[in-house]
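Number of protein chains: 2
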Amino acid sequence: MTQHETKNKILDVAEKLFAEAGYKATSLRAITSMAGVNLAAVNYHFGSKEGLISAVIERRLVPLNKSRLEQLHRVLVEAADQSLQANVVIRAFVEPTLMFTETLPSGKNFLTLVGRALAEPDETVRKIFIHNMQEVMTVMREALGRSLPDLPSDVLFWRLNFLIGALSHTMRCIEKCPMALEGGVARDAASLAALIVPFLTAGMEAPHA
Amino acid sequence: MTQHETKNKILDVAEKLFAEAGYKATSLRAITSMAGVNLAAVNYHFGSKEGLISAVIERRLVPLNKSRLEQLHRVLVEAADQSLQANVVIRAFVEPTLMFTETLPSGKNFLTLVGRALAEPDETVRKIFIHNMQEVMTVMREALGRSLPDLPSDVLFWRLNFLIGALSHTMRCIEKCPMALEGGVARDAASLAALIVPFLTAGMEAPHA
DNA sequence: CACTCATTCAAACGTTTGTTTTAAATGGGG
DNA sequence: CCCCATTTAAAACAAACGTTTGAATGAGTG
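Chains as they are written, first to last, in this note's numbering: chain A, 62 to 270; chain B, 62 to 270.
See the structure below:
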């Protein structure tokens with residue numbers, strides 16, 4: 062097995078097991094044995110378990126955020142002179158996110174993993190995630206601010222948090238909805254995006270006291 | 062130290078440490094040493110670590126859900142003949158939740174803990190939480206359905222999930238917002254509720270395709 | 001006082017964890 | 001062909017984990 066194959070096999074299995082059982086509860090022995098590689102390979106290639114989770118997250122989050130930034134910059138340029146609509150900004154952020162499940166076979170695993178990152182008690186994981194989200198969050202905030210010029214800064218801040226909360230919960234629900242009430246119909250990523258964008262847009266545009 | 066004191070001291074410390082570091086990463090030794098009790102006391106009084114987290118959650122979640130159900134039943138009765146407004150239903154659910162921080166000194170710890178429950182990778186914790194949420198979620202769904210009679214069942218289902226996601230993220234943000242962008246102003250529970258209710262109401266009432 | 005029994009205690013149990021260290025085998029690129 | 005990064009197997013490491021045990025404690029009761 063070549064170096065490239067070994068590293069990728071570890072990343073694939075780790076992504077799957079981290080998504081299923083969480084970072085803390087997944088042992089390196091479970092990962093390496095399922096990947097069919099030696100236990101020492103993780104420390105050899107990634108330095109530590111922390112290096113592994115970092116690599117697992119960044120392997121997919123960097124391209125995803127690149128895609129989100131492209132979409133955001135596109136709608137910002139297209140609306141350079143005209144008014145920028147909130148639903149356009151929100152769609153630019155949400156669609157690359159949810160569509161990620163269909164870009165890769167392991168897309169659902171990754172969305173589960175990263176959708177849990179903000180709620181992760183382990184500071185290690187949270188810091189890796191937040192560090193990678195800094196830029197796109199700043200741009201997102203500016204874009205939303207431009208589309209909602211009458212919204213006070215701190216109201217915008219909290220509504221952006223509500224948006225992030227709703228979206229990250231939805232990302233976790235794609236693989237398996239934890240609260241499945243009877244009659245909860247599964248949705249593909251596209252129709253889920255079509256459902257959540259109007260919800261978030263209305264919330265962002267809601268009147269405030 | 063009486064039995065009552067021992068059990069409560071363990072519950073208080075466990076609530077705090079579980080909120081800070083999560084269920085898996087918090088050891089019984091850390092809990093018992095901080096509580097000033099013997100290590101074996103946990104297994105003696107709660108049977109197991111799982112029994113402890115169950116007791117920690119239910120000690121506060123049962124009264125909280127009782128309060129939420131009271132509010133929901135109240136608004137359902139008051140609007141028995143007239144039309145039921147979505148913002149009234151949402152406020153009946155959200156306000157007891159966020160106000161919980163001011164009912165008890167450890168309210169923020171508990172909200173952090175339970176706000177993370179749905180994202181918890183450990184199936185044990187998730188099942189305890191979901192089991193305790195079943196009834197109030199059913200009532201909440203019925204109430205929202207009555208206030209939004211034109212909303213298809215599966216759209217209501219997903220929007221309720223968006224609501225839960227936004228609220229649970231907010232619950233975790235009360236103690237410490239993980240994504241703190243510059244200019245993020247802290248809010249007390251009351252003004253946070255006043256911020257999130259219009260957001261969620263507009264989202265629930267948004268037009269759908 | 002003696003007895004009871006729930007509670008507390010120190011100590012140890014067996015298991016699992018991440019990590020490191022051996023040494024030998026492997027195999028692709030210069 | 002040979003070098004060297006890589007892979008492997010095996011073992012050991014110290015540390016931390018949840019749980020169990022059996023003796024000590026001590027307040028309440030007859």
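Glycine included, C-beta positions come from ideal geometry on N, C-alpha and C. Predicted model only: the values in this text are computed from it and were never measured.
Mind checking if N222/A is an interface residue toward chain B, Cβ cutoff 8 Å exclusive? Here the question's residue 222/A lines up with position 161 in the first sequence. Yes, contact with chain B.
List in chain order: all unbroken alpha helix (DSSP H) runs of 4+ residues lying wholly within the segment 175 to 262 of chain B. 184 to 208, 214 to 236
Name, please, each residue of chain A whose Cβ falls closer than 7 Å to the Cβ of V239/B. Translated into the one-based positions of the second sequence, residue 239/B becomes position 178. The sequence shown places Pro at residue 239/B, not Val. Within chain A, the residues near P239/B are L179, R187, I191.
Buried or exposed (CB count within 10 angstroms, at least 16 for buried), Y105/B: The count along the second sequence starts at 1 and reaches residue 105/B at position 44. Looking at its Cβ environment, which holds fewer than 16 other Cβ atoms inside 10 Å, Y105/B is exposed.
Using a Cβ cut-off of 8 Å (strictly closer), state whether M160/B contacts chain A. Position 99 of the second sequence, counted from the first residue, corresponds to residue 160/B. No, M160/B lies away from the interface with chain A (no Cβ there is under 8 Å from its Cβ).
Counting only Cβ pairs nearer than 7 Å, list the residues of chain A close to I273/B. Outside the shown range of chain B (62 to 270) lies residue 273/B, about which nothing can therefore be said.
Separation of A75/B from K85/B, as counted between CA atoms: Walking along the second sequence from the start, residue 85/B turns up at place 24. Walking along the second sequence from the start, residue 75/B turns up at place 14. Near 12 Å, if we compare the C-alpha coordinates of A75/B and K85/B.
For G108/A, would you say it is in contact with chain B, using Cβ-to-Cβ distances shorter than 8 Å as the test? As a working note, residue 108/A is residue 47 in the first sequence. For G108/A, the answer is no, since every Cβ of chain B falls outside 8 Å of its Cβ.
Unbroken alpha helix (DSSP H) run spanning Y105/A, endpoints: Taking the first residue of the first sequence as position 1, residue 105/A is located at position 44. First-last of the alpha helix (DSSP H) with Y105/A: 101 to 107.
Report yes or no: is there a C-beta of chain B within less than 8 Å of the C-beta of R233/A? Here residue 233/A refers to the residue found at position 172 of the first sequence. So, interface residue.
Please confirm if I92/A has its CB atom under 8 Å from at least one CB of chain B. Counting from 1 along the first sequence, the entry for residue 92/A is found at position 31. Output row for I92/A: interface = no.
Neighbourhood of R152/A by C-beta distance below 6 Å, restricted to the same chain and skipping five residues each side: The residue given as residue 152/A occupies position 91 in the first sequence. Around R152/A: V258.
Considering Cα atoms alone, identify which of L78/B, D73/B, L145/B is closest to R120/B. The residue you call residue 120/B lines up with position 59 of the second sequence. Of the listed residues, the one whose Cα sits closest to R120/B is D73/B.
Name the chain B residues that come within less than 8 Å of I257/A, Cβ to Cβ? Translated into the one-based positions of the first sequence, residue 257/A becomes position 196. Those within 8 Å of I257/A in chain B are W219, F223.
Could you check if K127/B belongs to the surroundings of the ligand HEM, using beta carbon to heavy atom distance under 7 Å? As presented, the structure is devoid of all ligands, the ligand HEM included, so that no description of it is given.
Within the chosen definition, does the segment 198 to 211 of chain B reach the segment 203 to 211 of chain A through at least 3 CB pairs nearer than 8 Å? no
Under DSSP, the alpha helix (DSSP H) around A153/B begins and ends at which residues? The residue given as residue 153/B occupies position 92 in the second sequence. First-last of the alpha helix (DSSP H) with A153/B: 147 to 164.
Taking only the alpha-carbon atoms, compute the straight-line gap between S14/A and W219/A and give it to the nearest angstrom. Absent from the model: residue 14/A. The displayed extent of chain A is 62 to 270, so no value can be given.
Less than 8 Å separating the beta-carbons of A250/B and L159/B? Taking the first residue of the second sequence as position 1, residue 250/B is located at position 189. Taking the first residue of the second sequence as position 1, residue 159/B is located at position 98. Cβ atoms of A250/B and L159/B: closer than 8 Å.
Is it a yes or a no for the segment 181 to 191 of chain A touching the segment 82 to 97 of chain A, going by three-plus beta-carbon pairs under 8 Å? yes
Taking buried to mean at least 16 other C-beta atoms within 10 Å of its own C-beta, is N99/B buried or exposed? On the second sequence, position 38 is the one that residue 99/B refers to. Burial call: exposed.
Amino acids of chain B, ordered along the chain, whose beta-carbon sits closer than 8 Å to that of V200/A: Stepping through the first sequence from its first residue, residue 200/A is reached at position 139. Result: empty, since nearest Cβ-Cβ is about 11 Å, beyond 8 Å.
Beta-carbon of A267/B versus every beta-carbon of chain A: anything under 8 Å? In the second sequence, the residue the question calls residue 267/B occupies position 206. For A267/B, the answer is yes, since a Cβ of chain A falls inside 8 Å of its Cβ.
Where P124/B sits in the DSSP three-state scheme: As a working note, residue 124/B is residue 63 in the second sequence. Helix, per DSSP.
Cα-Cα, which of L78/B, A270/B, L224/B is closest to S167/B? Walking along the second sequence from the start, residue 167/B turns up at place 106. Cα-wise, what sits closest to S167/B is L78/B.
Expressed to the nearest angstrom, what Euclidean distance is found between the alpha-carbon atoms of E131/B and I92/A? Start at 1 with the first residue of the second sequence, and residue 131/B comes out as number 70. Start at 1 with the first residue of the first sequence, and residue 92/A comes out as number 31. Each residue's Cα considered, the two are about 47 Å apart.
Check whether chain A comes within 8 Å of P124/B, counting only Cβ atoms and requiring the distance to be less than that. Taking the first residue of the second sequence as position 1, residue 124/B is located at position 63. It does not: the Cβ of P124/B has no partner Cβ on chain A nearer than 8 Å.
Taking K70/A and A101/A to be in contact with their CB atoms under 8 Å, please state how far apart those CB atoms are, rounded to whole angstroms. For this step, residue 70/A is matched to residue 9 along the first sequence. For this step, residue 101/A is matched to residue 40 along the first sequence. Between A101/A and K70/A the Cβ distance is about 15 Å, and since that is not below 8 Å, they are no contact.
Using 8 Å as the limit for Cβ to Cβ distance, is P166/A near chain B? Here residue 166/A refers to the residue found at position 105 when the first sequence is read from its first residue. No, P166/A does not count as interfacial toward chain B.
Whose C-alpha, out of G176/B, L256/B, V149/B, L221/B, is nearest the C-alpha of L246/A? For this step, residue 246/A is matched to residue 185 along the first sequence. Reading off the sequence, residue 246/A comes out as Val, not Leu. Nearest of G176/B, L256/B, V149/B, L221/B to V246/A, Cα basis: L221/B.
Looking at chain A, is there any beta carbon in it that lies within less than 8 Å of the beta carbon of L261/B? On the second sequence, residue 261/B is found 200 positions in, with the first residue counted as 1. Chain A contact via Cβ: present.
CA-CA distance, H192/B and V200/B? By one-based count along the second sequence, residue 192/B stands at place 131. By one-based count along the second sequence, residue 200/B stands at place 139. So the alpha carbons of these two residues sit roughly 14 Å apart.
Using the Cα positions of V149/B and V186/A, report the straight-line distance between them to the nearest angstrom. The residue given as residue 149/B occupies position 88 in the second sequence. The residue given as residue 186/A occupies position 125 in the first sequence. Those two C-alpha atoms are separated by around 38 Å.
Excluding five sequence neighbours on each side, which residues of the same chain lie with their C-beta closer than 6 Å to the C-beta of F190/A? On the first sequence, residue 190/A is found 129 positions in, with the first residue counted as 1. For F190/A, where only same-chain residues beyond five positions count, the Cβ hits under 6 Å are A178.
In chain order, what residues of the same chain have a beta carbon less than 8 Å from the beta carbon of H269/A, not counting five sequence neighbours either side? Position 208 of the first sequence, counting from 1, holds the residue named residue 269/A. Result list for H269/A: L212, P213, V216, in chain order.
Mind reading off the beta-carbon distance from A204/B to L145/B? Whole number of angstroms is fine, and I expect it under 8 Å. If you number the second sequence from 1, residue 204/B lands on position 143. If you number the second sequence from 1, residue 145/B lands on position 84. Yes, A204/B and L145/B are in contact; Cβ-Cβ is about 7 Å, under 8 Å.
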